[in-house]
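Residue numbers (my numbering): 43 to 528. By construction, the Cβ of each residue, glycine as well, lies at the ideal position given by its N, Cα and C atoms. Below is one structure, written out as structure tokens, with a few remarks after it.
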Amino acid sequence: MAIEFKSNLASTSVPLKHSWEHTVGSGRALLALRADWQAQLMRAHTELGFRHVRFHGLLDDDMGTLVRHAGKALYSFFNADQINDYLLSIGMRPFVELSFMPSMLSSGRSTVFQYRANITPPKNYRQWGKLIDRLVRHWIDRYGSDEIGEWCLEVWNEPNLKAFWTGGKKGYYALYRTTVETIKNIDSALKVGGPSSAQSAWIPEFLDYCTQHKLPVDFVSTHYYPTDAFGQIGADTLTQLEHAPRDVMKEKAETASLQARGLSLYYTEWNVSSNPRDPLHDESFAAAYAANIALSVDPFVKGYSFWTFTDIFEENYFPSVPFHGGFGLLNLHGIPKPIYRAFQLLHGLGDKLHQVEGSHETVSVWISGGDNVITVFMTNYAMPRHEICPVSVHVQLTGAPRPLSAHLIRIDEDNVNPKRVWQEMGEPEYLNLRDVETLQSASVLNPEPYPLRVLENRIDFNISMPPQSVAAMKIECAPGSTPERS
């Protein structure tokens, strides 16, 4: 029996902000100087609509921002300029993460990642303030106050985790205070925020501290992954996801939005898991789950930054295997994974969502309208080790405009699955140009004409949804016949 979903397209709709397009993540700043990184970002910006990019390590030694040479402190913003110049040239902006600690300012030798980013507090907070002052004044000189006023300046990364900050909460508050006071002394209109925490942590106490000490906060930033704190300590990724509630990402975002006390809320990292070598990242499960997450949190956040747009990424080591379960939407060679194509379908949605009647344990349906196109966006997914079956779905649209044509686009085991084609090739570690072309072709969305039943102002169709799948029915309507939306 088919599962029923209904919608009256003439009824009240709600805004769809596309908050997932505000920002997308990358690994570290140095990677942004690579030609292949830049080419992949350009593609993601063009096809998926991302407007900002965030990365670690802008202040790391390998960026040359502040180093000691011959006993002297040397500042160089040249590499940072090269990155920002490129972003602005393609119509994007940075979402600035002010990290990590230049060695000559650091109070210790603790580091993170294979590129050894220093995670200790400054030994002298005034010297940290001097660095921030010179950096921000340089940006204003180069790009202008109006442009820098559009940037978000985020203080550090996940200071609530000892792996990223050895100074504890008290040390982070001192870092934030020095940073925000320095920046606001330059231009009070510049946007500064935090606490950039993992696991949606520290938000109420961070805001309490800022209120008590009369420190400005222009936005709240935090992170969350569905693998956070589920299952036993040390559990594998599948076990963590098995125990994660289906709506945990929505629940965390809704709670954080209340804790943010009216400030803009940015999740500056999220993914379907926090494992940088998770095979699910390359499969259709990630496409279906990520699409559900992005749509469900949209009412609660201003920005929801997926981590990351590319597998050109080296926190553990630089990979060589084309499909190694990396965080990226695109693999090393720029081949779109199923999740990339899901984001492409999301980008094609309009700016309103219509109310949908109907529910199912694994199937979700959203209906969006705009520009004489109605899109019925559907997913059938379950968390690992949970039961899931193929489902027959019946969709009924009333108050519908006159349809001209309809096309169905699928992402599942048999559609948009370059990983499977690569496996059929014998899983070569290094691809030649012909291999890349073959896998690019295997990743393409394929709209197929689809029959509709049309009766007066009603549209009906049936569709079979395989497990861990995405489907989008795009209905092209006669100009001027799309119902009014509110």
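Item	Value
Boundaries (first-last residue) of the alpha helix (DSSP H) holding E296	V290 to Q301
Residue burial classification, E526 (beta-carbon count within 10 angstroms, cutoff 16)	In this predicted model, E526 has a pLDDT of only 46, less than 50, meaning its place in the structure is not dependable; the value taken from the coordinates is given anyway. That one is exposed.
Beta-carbon proximity of H98 to R70, cut-off 8 Å	yes
As assigned by DSSP and simplified to three states, the class of H255	coil
M134 in three-state terms, based on DSSP	coil
8 Å Cβ cutoff met for D320 and P57	no
Residue closest to D529, alpha-carbon to alpha-carbon, out of D188, E247 and T220	Since the displayed the chain opens at 43 and closes at 528, residue 529 lies outside it and no answer follows.
Simplified DSSP assignment, three categories, for G468	coil
Rounded C-alpha distance that separates P287 from G113	55 Å
From L203, T352 and L100, residue whose alpha carbon lies closest to that of Q80	T352
Proximity winner among Y251, T269 and R179, relative to K212 (alpha-carbon distances)	Y251
Contacting residues, own chain, Cβ-Cβ under 8 Å from R219 (five flanking each side not counted)	H255 and L257
Same chain, Cβ closer than 8 Å to T269, five either side skipped, listed in chain order	T279, Q282, L283, A286, S315, S316 and N317
DSSP three-state assignment for G411, whether helix, strand or coil	strand
Limits of the unbroken alpha helix (DSSP H) element including F18	Here the chain comprises residues numbered 43 to 528, so residue 18 is not present and cannot be evaluated.
Local conformation of R527 per DSSP, three classes	Model confidence at R527 stands at a pLDDT of 44, short of 50, so the residue's coordinates are unreliable; what they give is reported in the following sentence. Three-state result, R527: coil.
Contact between the region 415 to 427 and the region 508 to 521 (3+ Cβ pairs under 8 Å)	yes
G235 in three-state terms, based on DSSP	strand
Cutoff 7 Å; reference E311; Cβ partners in own chain excluding five residues on either side	G67, H265, S347 and W349
Proximal residues to R427 (C-beta, below 6 Å), its chain only, five neighbours per side dropped	E284
Residues near S528 in its chain [Cβ-Cβ closer than 7 Å; skip 5 each side]	Unreliable positioning characterises S528 in this predicted model, as indicated by a pLDDT of 39, which lies under 50. The coordinate reading is nonetheless provided below. Answer for S528: T54 and S55, listed in chain order.
V339, enclosing alpha helix (DSSP H) - first and last residue	S326 to V339
Assigned exposure category for R383 - 16 Cβ within 10 Å defines buried	buried
Option in E139, L147 and G133 with minimal Cα separation from D103	L147
Spatial distance of S239 from Y267 (CA atoms)	12 Å
Per-residue burial, P521 [other beta carbons within 10 Å of its own, 16 or more giving buried]	exposed
Close Cβ partners of H31 (< 7 Å) along its chain, the five nearest in sequence each way excluded	In the structure displayed, the chain extends from 43 to 528; residue 31 sits before or after that span and is not available.
Cutoff 6 Å; reference S434; Cβ partners in own chain excluding five residues on either side	A44 and S506
Simplified DSSP assignment, three categories, for R495	strand
First through last residue of the beta strand (DSSP E) which encompasses R70	T65 to R70
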